[in-house]
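Colleague: Pasting a structure here, questions to come.
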Amino acid sequence: MTLLRRYKNLLLVTVALAFASACEGAVAASLRAGAGRAAIEIGQADLPVDGYVSVHDPLQSRVIVLDNGTNRIALVTVDLTSMPDTLVAQVKDIVGRAAQMRAADVVVSASHTFSVPHVQGPAPDPAEQRRKQQIVQAIETSVTQAATIAMQDMQPASIGFGSGTSNVNVNRDVRTADGWWLGANDAGFSDKSVNVIRLEGSDRHPIAIVVNYAVQSSIMNESTLQGGGMQISADLAGAATRYVEQQYGDGTVALFLVGAAGDQAPYLTAKRNRLDRDGHSSTVDIHEAGFLLVDLLGERLGGEAYRVAQNIADDNTNAPVLAVTSGKVRVQSQAFSPNAASKRPSTTYRFEAGKPVDVPFWIVRLGAIAVFGFQAELSSQTAVDMKAHSPFAHTLVATMVNGAAKYLPDAGSYDRITYEAMSAPYFKGSAEEVRDAVIESAGRLLNAR
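Letter by letter, the sequence shown follows residues -28 to -1, 1 to 421 of mature numbering (1 follows the signal peptide of the UniProt record, and there is no 0).
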């Protein structure tokens, strides 16, 4: 099967070239950019929510706005596990109004920290539901502030790309006596590349640093305090971006785009699965001591991002093409059987194909740089294949973009019967169909005149 093979019987690609964009030859002013960051203010009166009783480190909203004189686009990351469609729409509207731009050209993502409440989910009682709503309002206020700061910061800018390597992630699919389950598999595949975009002003000081890496920010996932309850934290992505921001100071914003981390975890976690001598899994929690791991791994990832950023040269393009393109790929869903409700290691799980469904994607073009964005959580191998065959000079793969859609695992995950495959709403082979379609769409976008 070739990488660009067309799946005519199962694949429907609808590419809505929804750029607010003209061609490369258009006359345009120089690139301008601005960035803003604002804390999501969660007070003690807003807690407890979903078992969270206090705040360890503040969550943030970060906004980057780019304008080439013809088109304006924005990148937004909010420190949440995921963002439901309603919140995505609210954030797009807020940034669109603040930046005087189309909501369709605002690209919203969650940092994918696991140490936050699901603020728009159901609550056990009216009081907690009110507290959740207060947190949603705090998120909206934070995004408004960050977007306003970004617009106030707009200035002539240049853009460049660089890539490094970090080992703070690890494949999380582990073979046990009962089947494949979650853990730390050093022999498993991981994408170790740290992809960095640097936007700098005419004074060469960074306006913004975009960090893209394939890891879930789940060091403190489900880890409780020794006294009970959990603490809110931006986790690994938060620690890494704070490190970069502290190195540069003076208004630099570091925005995290979570990569294809469906089968990736932090190398060390506070609450971990441990195999006994018979191959059976149990859990161990080191509680609040785990925040030392957040600091250490965050410094390691942030340090590599900073090193890469320091060595990036701009691309010498005065007004790079800016475009946001959306599309969708029709694949087969996975029909969940009744016995699939309780996920556990299995060697006999049967996957069943369901009805056709659409997988949305976005391509953000920043001159010679492309960001392939997905709601679904991809496997690391899928992203590596996309980057290797992308027609763009530099490609980032980001997930949790403009919503969330659970897992889109590679075909091998179904063969092994991994947690991601059992939890996926898509049938085996869907990831490969999406991969091929996005690469084809990227080629059309790059060649558009």
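Beta carbons: idealized from backbone N, C-alpha and C, even for Gly.
Smallest Cα separation from G160: which of E100, P98, Q124 and S351?
Modeller: Minimum Cα distance to G160 is reached at S351.
Colleague: Taking the straight line between their C-alpha atoms, what separation do you get for F308 and Y386?
Modeller: Approximately 14 Å, taken between the alpha carbons.
Colleague: Residues in its own chain within less than 6 Å of D382 by CB, not counting five upstream and five downstream?
Modeller: Closer than 6 Å at the Cβ level, and outside the excluded window around D382, lie S351, Q353, T354 and A403.
Colleague: Could you tell me how far apart the beta carbons of W152 and N245 are, in whole angstroms, since I believe they sit closer than 8 Å?
Modeller: About 12 Å; that fails the 8 Å criterion.
Colleague: Can you say whether K315 is buried or exposed, counting buried as having 16 or more other CB atoms within 10 angstroms of its CB?
Modeller: The residue in question, K315, is exposed, as its Cβ has fewer than 16 Cβ neighbours within 10 Å.
Colleague: Contact check, Y239 vs N139 under 8 Å by CB: the rounded distance?
Modeller: At roughly 7 Å, the Cβ-Cβ gap stays under 8 Å, so Y239 and N139 are in contact.
Colleague: Would you kindly check if the distance between the Cβ of I169 and the Cβ of L265 is under 7 Å?
Modeller: Result no, Cβ atoms of L265 and I169 do not sit closer than 7 Å.
Colleague: Which of helix, strand or coil does DSSP assign to R316?
Modeller: Of the three classes helix, strand and coil, the one that applies to R316 here is coil, per DSSP.
Colleague: Could you work out which residue in L31, A76 and L418 is closest to S87 when comparing CA atoms only?
Modeller: Minimum Cα distance to S87 is reached at L31.
Colleague: Look at Q105 and P56 and say whether their C-beta atoms are less than 7 Å apart.
Modeller: No, the Cβ-Cβ distance between Q105 and P56 is not below 7 Å.
Colleague: What three-state label does DSSP hand P128 in the structure shown?
Modeller: Note: P128 maps to strand in three-state DSSP.
Colleague: Which word fits N283, buried or exposed, when buried means at least 16 other C-beta atoms lie within 10 angstroms of its C-beta?
Modeller: The residue is exposed, with fewer than 16 neighbouring Cβ atoms inside 10 Å.
Colleague: Identify the continuous beta strand (DSSP E) that holds F344 and give its terminal residues.
Modeller: Unbroken beta strand (DSSP E) run through F344: I341 to F346.
Colleague: Could you tell me which whole alpha helix (DSSP H) segments of length 4 or greater appear in the stretch 253 to 308?
Modeller: 263 to 282, all fully within the stretch 253 to 308.
Colleague: Using only the alpha-carbon positions, how far apart do F364 and L418 sit?
Modeller: Cα-Cα distance, rounded: 7 Å.
Colleague: Count the other C-beta atoms from every protein chain shown that fall within 10 angstroms of the C-beta of S174, then say buried if there are 16 or more, exposed otherwise.
Modeller: The residue in question, S174, is exposed, as its Cβ has fewer than 16 Cβ neighbours within 10 Å.
Colleague: With the cut-off set at 7 Å, would you say A70 and A119 are in Cβ contact?
Modeller: Contact flag set, yes.
Colleague: Nearest to Q127 by alpha carbon, out of S413, S2, Y278 and M358?
Modeller: Selected option, being the one with the closest Cα: S2.
Colleague: Just how far apart, CA to CA, sit S195 and G375?
Modeller: C-alpha separation (whole angstroms): 26 Å.
Colleague: Restricting to Cα atoms, I'd like to know which of G299, I335, A291 and F399 is closest to S305.
Modeller: Taking only the C-alpha atoms, the option nearest S305 is F399.
Colleague: Leaving aside the five residues before and after Q257 along the sequence, list all residues of the same chain whose C-beta is less than 7 Å from its C-beta, in chain order.
Modeller: The amino acid at residue 257 is misidentified as Gln; the sequence shows Asp. Around D257: S195, T196, A242 and K243.
Colleague: For M202, which beta-bridge partners are listed by DSSP?
Modeller: Answer is Y24.
Colleague: Identify, in the order they occur along the chain, each residue of the same chain with its Cβ nearer than 6 Å to the Cβ of L52, setting aside the five sequence neighbours on each side.
Modeller: So the qualifying residues of the chain are A82 and V88.
Colleague: Short check: CB of D18 to CB of R103, under 7 Å?
Modeller: Yes, Cβ-Cβ distance for D18 and R103 is below 7 Å.
Colleague: Rounded to whole angstroms, what is the Cα-Cα separation between V27 and T58?
Modeller: Those two C-alpha atoms are separated by around 25 Å.
Colleague: Assuming V303 and I45 make a contact with CB atoms under 8 Å, what is their CB distance in whole Å?
Modeller: In fact, because the Cβ distance is near 28 Å, the residues do not count as touching under 8 Å.
Colleague: In the DSSP output, which residue or residues are listed as bridge partners for D330?
Modeller: DSSP output for D330 lists R302 as bridge partner(s).
Colleague: Within the 7 Å Cβ cut-off, does W334 reach chain B?
Modeller: Checking the listed chains, one finds no chain B in this structure; it contains a single protein chain.
Colleague: Which residue or residues does DSSP assign as beta-bridge partners of F161?
Modeller: Paired residue(s): none; F161 is not in a bridge.
Colleague: In chain order, what residues of the same chain lie with their CB nearer than 7 Å to the CB of A95, ignoring the 5 residues before and after it?
Modeller: For A95, where only same-chain residues beyond five positions count, the Cβ hits under 7 Å are Q101 and K104.
Colleague: Identify the residues that DSSP records as bridge partners of S189: which are they?
Modeller: BP columns for S189 point to T85.
Colleague: Verify whether the separation of the beta carbon atoms of G274 and Y215 is less than 7 Å.
Modeller: Contact: yes.
Colleague: By alpha-carbon positions, which one of T116, N167 and R272 ends up nearest to S33?
Modeller: That would be T116, whose Cα lies nearest to the Cα of S33.
Colleague: With DSSP as the reference, label K243 as helix, strand or coil.
Modeller: Reduced to three states, the DSSP call for K243 is strand.
Colleague: Locate the alpha helix (DSSP H) running through L417, then write down its first and last residues.
Modeller: Its alpha helix (DSSP H) spans residues S402 to N419.
Colleague: Taking the alpha helix (DSSP H) that A212 falls in, what are its first and last residues?
Modeller: D207 to Y220 is the extent of the alpha helix (DSSP H) around A212.
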